[in-house]
Every structure is written in C-alpha cells, then in structure tokens.
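These notes concern the structure reproduced below.
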Amino acid sequence: MYNSQELRRPTVLVADDSPQNIELLSRVLGQDYRIKVATSGEKALTIAYSDESPDLILLDIMMPDLSGYEVCRRIKANPDRRRIPIIFVTAMSTVEDESMGLSLGAVDYITKPISPALVQARVRTHLALYDQSRELERMVAQRTAELVATRQQIIRRLGRAAEFRENETGNHVIRMSHVARLIGLQAGLGPESVQLLFQTAALHDVGMIGVPDRVVLKPGVLDDDERKLVQQHPQMGADIIGRHDNELLAMARAIAFSHHERWDGSGYPQGLVGDQIPLFGRIVAIADVFDALMSKRPWRGPMTVAQALSTMAEGKGTLFDPALLACFFQQQYEILKVMDLYADDRGVLADQ
C-alpha cells in the first residue's frame, strides 16, 4: 500500500526489457516519483490503459513482442490516453530514429547511455507541461459546460415563452424534450445526437408566438380561418430561428418547421411523406402529441394514460413513423415517470 504522500506523487512508467536500465532509471527518478515498471510492450500498454494510468512514460524502442514505436502508436491512437507524454529512452541514436519517434507523438528522445541529470530535467519539464495542459483542459471543459448550460436555459426560456399563454408553468417543453430524448435513445441515436435532440426539441413551437391570443386561447373548436392561422406556426418558427450554419440552430429550425408533418403526407406545412420528414421532426411529433393528449387545454381536459396510449397507437403508419412509435412504446414506463416528475400541478419546475 502507498501512503498519502506517495499517492500524490506523479507516476512514471519505465518500459524497458533490460533489468539494468530499469534499475538505473528507477534509482534516478525514485526519490521524486512513483515508478511503475514494464518489461514488454504488452505490459506497458496494460499499465497505460489501467484505471491508474501513468503521468509520463519512459519507453525503450527495442523490446520483445511490441516495439516501443508500436506501443507509442497505440497509445496515441487512444483518445483517453493520447495526452500522456512519452519520452523514448533508447540506444538507437540516428537522426532517422529520433525523427520516427517524434513523428509518432513522443515529446522527447533521450539516447543511452543516459545522463541522470538530463533525464531528471526532461521528466520534470514534460510533467510540468502535462500538468499545465490538464489544468487548461479542465478550465476549458468547465467553461464549455457553463456555456452549454446557459445555452440550454435560453432555449428552455424561449420554448416556455411560446407555450406560456396556454400552459403557464411551461413544463410542457421540459416533458416533451425528455420524451424525445428517450425515444432517440431507444432508436439507437448516439450520445451527441441525443443531446442535440434534447437541447433543440424545446423550440418546436416557438412559432406559436405569432398566433393571436384569440386563437390560442379559444375554448372551442377552431374554424377554418383560425386553423389556417395555427398552421402557419411551423413556418413562423423557422423564420424566427432563421438559417444558420450552427448545428444546434439548424436542427432547431428543422424541428420547428417539420414537427407537424405526418408519416402519410397529411401534415403541414409541406405535406412531406415518410422518410422525407427529418428524423428529429418525426421524433418530436410523437413526443409533442403524447404530451398534448395528456395535458389540459382551453377546449378540453387531459386524457387518461390508457386513452392517450390508445390514441397514439391509432396513429401508427398514418400520423407517426411506425419504427419510432415502437420506440416510444418500448420506453413508455420511463416516459410516464417524466410525465409525473414534471407534471403541471407541481408548478414551475427547473429542468434536471
């Protein structure tokens, strides 16, 4: 077991098939660093990929099984380990050898026989640079997380503004965003796509801002003229968001414009059919309709869970993409948890 002072020291992996070289490097560095040892390329990779990966690697080139070059190549190809500084320590001293090592991503190249003072200085320098790099990455990650959170809150507030007249809590945009996320997960979308879907779904109805109160809040059935006004909101939403190269805004626009399209072509504003409808628009259509069925509206009360699920099933192949609707039903228990967690009678809730 290591004591607390030992655990705080940087770890250096010495990978060399010569016991004499390992002993020498361990003696030179052991006073200041924790030393791990590998006598083969495979063992070096095992240690590098472990939960307690080294802070720096001293790597011989000529080793059994895998050469130092191959070990370096594999580590630098691993996104979770590529930042570990690697210093080649080798008897191969030609300019070509050094160029090869540096081209593979090594930070330095020391030839044998080694100078203890030189090894100590190079290790100290590259560990300091690595510490600075990690601290900078941490700060960037923290700042990025803050920006993402701020952006998400702005999107949520805009989405709530669109819903506020008919749903004063604005929890609809939170519920349907989570429902869309669950459908996306079940459909096999990757983490980045799921996050993008979750972030942009809230802006699906931003165009409702342009629909008059007398229509939005009407307690009865809409007449033809009023229905035409409502059917303009996808275009108005797309116009409000605008055209952008930014992926998030581009996807938000696509959702706003397409979430009332229907699988059989009976939707609006373009009458798109099947796969012509953007994937995110098809997912949001399912999430939006289900939440609408379960929510109170000026002209009707909420449906029961059984009624809402039955109505959703009736839309298979007509209103909704059958494959995505199947994903919805496969996630129905998690979806119902979302509906309860963010229910309107809980008041205005912050997203989790």
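So for the sequence shown, this note's numbering puts the first residue at 114; every next one is plus one.
Beta carbons are placed, not taken as given, at the ideal position from N, Cα and C, and that holds for glycine.
Q: Quick one: grab the DSSP three-state call for A128.
A: It is a strand residue.
Q. Less than 9 Å separating the beta-carbons of G154 and E183?
A. Yes, Cβ-Cβ distance for G154 and E183 is below 9 Å.
Q: Reducing DSSP to helix, strand and coil, say where V329 ends up.
A: Of the three classes helix, strand and coil, the one that applies to V329 here is helix, per DSSP.
Q: Just the C-alpha distance for V125 and R251, rounded to the nearest angstrom, thanks.
A: When the Cα atoms are used, V125 and R251 turn out to be separated by approximately 22 Å.
(Q) Measuring only the C-alpha atoms, how far is A314 from L362? (A) Rounded to the nearest whole angstrom, the C-alpha separation of A314 and L362 is 11 Å.
Q. Is the Cβ-Cβ distance between Y455 and N284 less than 9 Å?
A. Between Y455 and N284, the gap from beta carbon to beta carbon is short of 9 Å.
Q) If you pair each beta-carbon of the segment 165-185 with each one of the segment 200-216, do three or more pairs fall below 8 Å? A) By the criterion of at least three beta-carbon pairs nearer than 8 Å, the segment 165-185 is in contact with the segment 200-216.
Q. Is the segment 302-316 touching the segment 332-349, taking contact as three or more C-beta pairs under 8 Å?
A. Result no; under three Cβ-Cβ pairs closer than 8 Å.
Q. Terminal residues of the continuous alpha helix (DSSP H) containing D352?
A. D352 -> alpha helix (DSSP H) spans 346-354.
Q: Excluding the 5 residues preceding and the 5 following S371 in the sequence, name in chain order all residues of the same chain whose CB lies nearer than 6 Å to its CB.
A: These residues qualify, in order along the chain: I390, P391, G394.
Q | Own chain partners of D164 with C-beta closer than 8 Å, once the 5 adjacent residues on each side are dropped | A | Counting only Cβ-Cβ distances below 8 Å, and skipping sequence neighbours, we find nothing.
Q: Give me whichever residues DSSP pairs with T224 in a beta bridge.
A: Looking at the DSSP assignment, T224 forms a beta bridge with T203.
**Q.** Short Cβ contact (9 Å threshold) for I448 with L295
**A.** Yes, Cβ-Cβ distance for I448 and L295 is below 9 Å.
(Q) In the DSSP assignment, the alpha helix (DSSP H) including R340 goes from what residue to what residue? (A) It spans 337-343 - the alpha helix (DSSP H) in which R340 sits, taken as one unbroken run.
Q | P132 to V232 span [Cα, whole Å] | A | Spanning the two alpha carbons is a distance of roughly 18 Å.
Q) How about L142 and A157: do their beta carbons lie closer than 9 Å? A) Result no, Cβ atoms of L142 and A157 do not sit closer than 9 Å.
**Q.** Boundaries (first-last residue) of the alpha helix (DSSP H) holding V286
**A.** Its alpha helix (DSSP H) spans residues 284-299.
Q) Whose CA, out of G384, V451, I368, lies closest to the CA of F403? A) If we check each option's Cα against that of F403, V451 comes out closest.
Q) Which residue comes first and which comes last in the alpha helix (DSSP H) that contains V324? A) Following the DSSP letters along the chain, one finds V324 in no alpha helix (DSSP H), marked with neither H nor E.
Q. Excluding the five sequence neighbours on either side, which residues of its own chain have a C-beta within less than 8 Å of the C-beta of T431, listed in chain order?
A. Correct list, in chain order: R375, W376, D377, S379.
**Q.** Cβ neighbour criterion (16 or more within 10 Å) applied to G350
**A.** By the neighbour-count rule (16 or more Cβ atoms within 10 Å), G350 is buried.
(Q) Which residue wins for smallest C-alpha separation from R147, given the options H373, Y381, P347, R122? (A) Answer by Cα proximity: R122.
Q) Once you ignore the five residues that flank E281 on each side, which residues in its own chain have a CB closer than 6 Å to its CB? A) Reliability of the predicted coordinates at E281 is poor, the pLDDT of 46 falling under 50, and no value is obtained from them.
Q. Excluding the five sequence neighbours on either side, which residues of its own chain have a C-beta within less than 7 Å of the C-beta of I399, listed in chain order?
A. Counting only Cβ-Cβ distances below 7 Å, and skipping sequence neighbours, we find I296, F433, L437, L438, F441.
Q: Report yes if the CB atom of H110 is closer than 9 Å to the CB atom of R366, and no otherwise.
A: With the chain running from 114 to 465 in the structure shown, residue 110 is simply not present.
Q: Return the CA-CA distance between D130 and A234, expressed in angstroms with no decimal places.
A: Roughly 23 Å separates the two Cα atoms.
Q.
Please classify K149 as buried or exposed, where buried requires at least 16 neighbouring CB atoms within 10 angstroms.
A. Buried: at least 16 other Cβ atoms inside 10 Å.
Q.
Given this structure, state the Cα-to-Cα distance separating T238 from D193, to the nearest angstrom.
A. C-alpha separation (whole angstroms): 22 Å.
(Q) Using only CA atoms, which one of T207, Q255, G303 lies nearest to K225? (A) Comparing Cα positions, the closest option is T207.
Q: Determine the direct distance from the alpha carbon of Q255 to that of S246, and round the result to whole angstroms.
A: The alpha-carbon separation between S246 and Q255 amounts to approximately 14 Å.
(Q) One question on the structure: do Y381 and P415 come within less than 9 Å of each other, judged by their Cβ atoms? (A) Not closer than 9 Å, so no.
Q: Would you kindly work out how many angstroms separate the C-alpha atoms of G214 and L302, rounded to a whole number?
A: Straight-line measurement puts the Cα of L302 at about 39 Å from the Cα of G214.
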